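**Q** Numbering (numbering that gives the first Met the number 0), first residue to last: 0 to 476.
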Amino acid sequence: MRAIGFAPVAAALLLGGCTVGPSYRGPPTQAGATNTAFVRAGGVPTRAAPPVARWWTTLQDPELDRLVALAVAGSPDVQEAEARLRSSRAVLAQQAAGLLPTTGFSGAYVRTRNLTSLLGGGSGSGGGGGGGMNLYALGLDASWEADIFGGQRRAIEGARAAAQGSQASLADVLVSLSAEVAQAYVGLRDAQQRLALTQRDLDAESRLVDLYNLRRRAGTASDLDLERIANQVDTTRATLAPLRAEVDVQLDRLSVLAGRPPGALDGELGSAAPGAPPAPPAQVAIGDPVAMLRRRPDIVVAERRLAQQTAAIGQAVAAQFPQVRLLGEVGFASLSPGTLFNGNNFSYIVAPILQWTPWDFGRNRARIAQARAGRDEAEAQYRAAVLAALQDAESSLAQYGEARNAVLDLARTRDSAERVYTMTQLRLRGGTADTTDVLDADTRRIQAELSYEQGLAQLTQYYVTLQKSLGLGWSAD
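(1) Which of helix, strand or coil does DSSP assign to Trp55?
(2) Taking the straight line between their C-alpha atoms, what separation do you get for Gln231 and Tyr420?
(3) Identify which residue in Leu334, Ser394, Arg304, Arg443 has its Cα closest to the Cα of Arg413.
(4) Give the straight-line distance between the Cα atoms of Gln192 and Ala240, rounded to the nearest whole angstrom.
(5) Helix, strand or coil for Leu425 per DSSP?
(6) Taking the alpha carbon of Leu63 as the point to measure from, which residue in Ser205, Gln398, Ala181 has its own alpha carbon closest?
(7) Would Met291 be called buried (16 or more neighbouring beta carbons within 10 Å of its own) or exposed?
(8) Okay, do the region 78–88 and the region 154–169 touch, 3+ Cβ pairs below 8 Å being the bar?
(9) Suppose you measure from the CA of Thr18 to the CA of Gln319; what does that come to, to the nearest Å?
(10) What whole-angstrom Cβ distance do Ala482 and Gly470 have, given they're in contact under 8 Å?
(11) Would you mind stating whether Ala263 and Ser254 have Cβ atoms separated by less than 8 Å?
(12) Out of curiosity, what's the CA-to-CA distance linking Ser144 and Val316?
(13) Pull the bridge partners of Gly262 from the DSSP assignment, please.
(14) Do Ile312 and Arg382 come within 8 Å of each other at the CB atom, strictly closer than that value?
(15) Among residues of its own chain, excluding the 5 on either side of Glu378, which ones have a beta-carbon nearer than 7 Å to its beta-carbon?
(16) Starting from the N-terminal side, write out each stretch of the alpha helix (DSSP H) that is 4 residues or longer and does not extend beyond the region 357–437.
(17) So, with DSSP's three-state summary, where would you put Leu458?
(18) My understanding is that Gly454 touches Leu396, with C-beta atoms under 8 Å, so please give their C-beta distance in whole angstroms.
(19) Specify whether the region 326–342 and the region 130–142 touch according to this definition: at least 3 beta carbon pairs, one from each stretch, less than 8 Å apart.
(20) Bridge partners for Trp143 per DSSP, in chain order?
(21) Using three-state DSSP, classify Asn230 as helix, strand or coil.
(22) Whose CA, out of Ala388, Leu256, Ala217, Gly20, lies closest to the CA of Ala30?
(23) Is the beta carbon of Leu98 closer than 8 Å to that of Gln151?
(24) Exposed or buried, which one is Ile352 when buried takes at least 16 other CB atoms within 10 Å?
(25) Have a look at the DSSP bridge pairing and note the partners of Thr111.
(26) Among Ser142, Ala275, Ala154, Ala32, whose alpha-carbon lies nearest the alpha-carbon of Ala92?
(27) Tell me where the beta strand (DSSP E) around Val208 begins and ends.
(28) Using the Cα positions of Pro260 and Val246, report the straight-line distance between them to the nearest angstrom.
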């Protein structure tokens, strides 16, 4: 068969082919995924604006902004996710190339001593003595499989979904990384501030012990009074060591998140006068559940896996039908290099090949059943991921709202302790209170401030958790 005669047949096979198997129509509708508002958002002051992708900038802490940038640039987790994305894109390119012919170039030189006698005598033009002969050949070969039933197109569809899933996985790493950096930073500043406030409290209690010692010598205080305040000093001092350890733990955590060894950020963040933990904004933009599910990378990963598994069914179904492959080769062969490209030495081969295994004793039916089960599993995983995301967001909203109420109560307690301290100082000046009363009020004031700052840091931690649950921390850029 001549190549020009087979071309219309191959084109007709390709153009007349179909794509078998189910076509992906999008993810299934999940209960709760179409809600226009979050159920637990009542206690959270919100504003009507789209959520900020770089949410940590709303905390208005330049040091945190710098740490997140360092982590994104140096985190091994980000680099690993980027490598997986490049790999999946290469697989997609490989699958797309499967629709095109495979070509190759060949060249050969053959030296034989028996070819002359087989041809009926005579000397080869390039041969030596003893009936030897040389053969020179150059050729171009190609093979192409007509994707009549769409198996290759389904493979491309699945590879494209896998590549998009890898891209969403990278976004998911960025979401988790930005949240971890913020949590570690808030934890560091909280531990540092509690350490400073506890040291202030210890100093005040130590001065109180000194005063009780003086009063005991003067006979106005008992040994029990002194022992009670001394015990309080020991209890407060015992809390310093865990706080110092917590500072070191968070410093090491931040260093590792930024792709650096532990201790690398001690000089920058372990200063003697650290800043306070950043406070969340007065109002939060949370959007709605539909936008949240569309934005969360883990939901995109689950949805793309469902699309990939749906395409795998089409690949398995297409394997049931005949496969048509076209093999061809053109080239020149001659006994002399000088006459290699003469027209008489040109040759070509065209070979259409039909392959079909209709009786495989159920092997392919089993592969189709396996692909369908994989698709059903992916759909169940998608539904579970949606429910988990909705629960995550609703729980984060509830925690943030209640923590905000708790901080308001702690603020009132702090303000009350401040007023008591101020009034006790006035009484001291008026002669109706002594120094012991002032030191005791100062201790209570410091403890109230410590509780408030700790509650405020916890509120910021819940704010970070809320942003993570909303799928923020990355952008399409």
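Where is the CB? At the ideal position from N, CA and C, for every residue including glycine.
Keep in mind that this is a model prediction, so the values were computed, not measured.
**A** By the coordinates alone:
(1) helix
(2) 19 Å
(3) Arg443
(4) 14 Å
(5) helix
(6) Ala181
(7) buried
(8) yes
(9) 13 Å
(10) Beyond the ends of the chain as shown, which are 0 and 476, falls residue 482; an answer cannot be given.
(11) yes
(12) The amino acid at residue 144 is misidentified as Ser; the sequence shows Glu. In a straight line, the C-alpha of Glu144 is about 17 Å away from that of Val316.
(13) Per DSSP, none; premise fails for Gly262.
(14) no
(15) Pro27, Leu305
(16) 362–429
(17) helix
(18) The pair is not a contact, with the Cβ atoms about 18 Å apart (cut-off 8 Å).
(19) yes
(20) Leu325
(21) helix
(22) Ala388
(23) yes
(24) exposed
(25) Met132
(26) Ala154
(27) From DSSP, Val208 is part of no beta strand (DSSP E) but of the alpha helix (DSSP H) over 150–217.
(28) 16 Å
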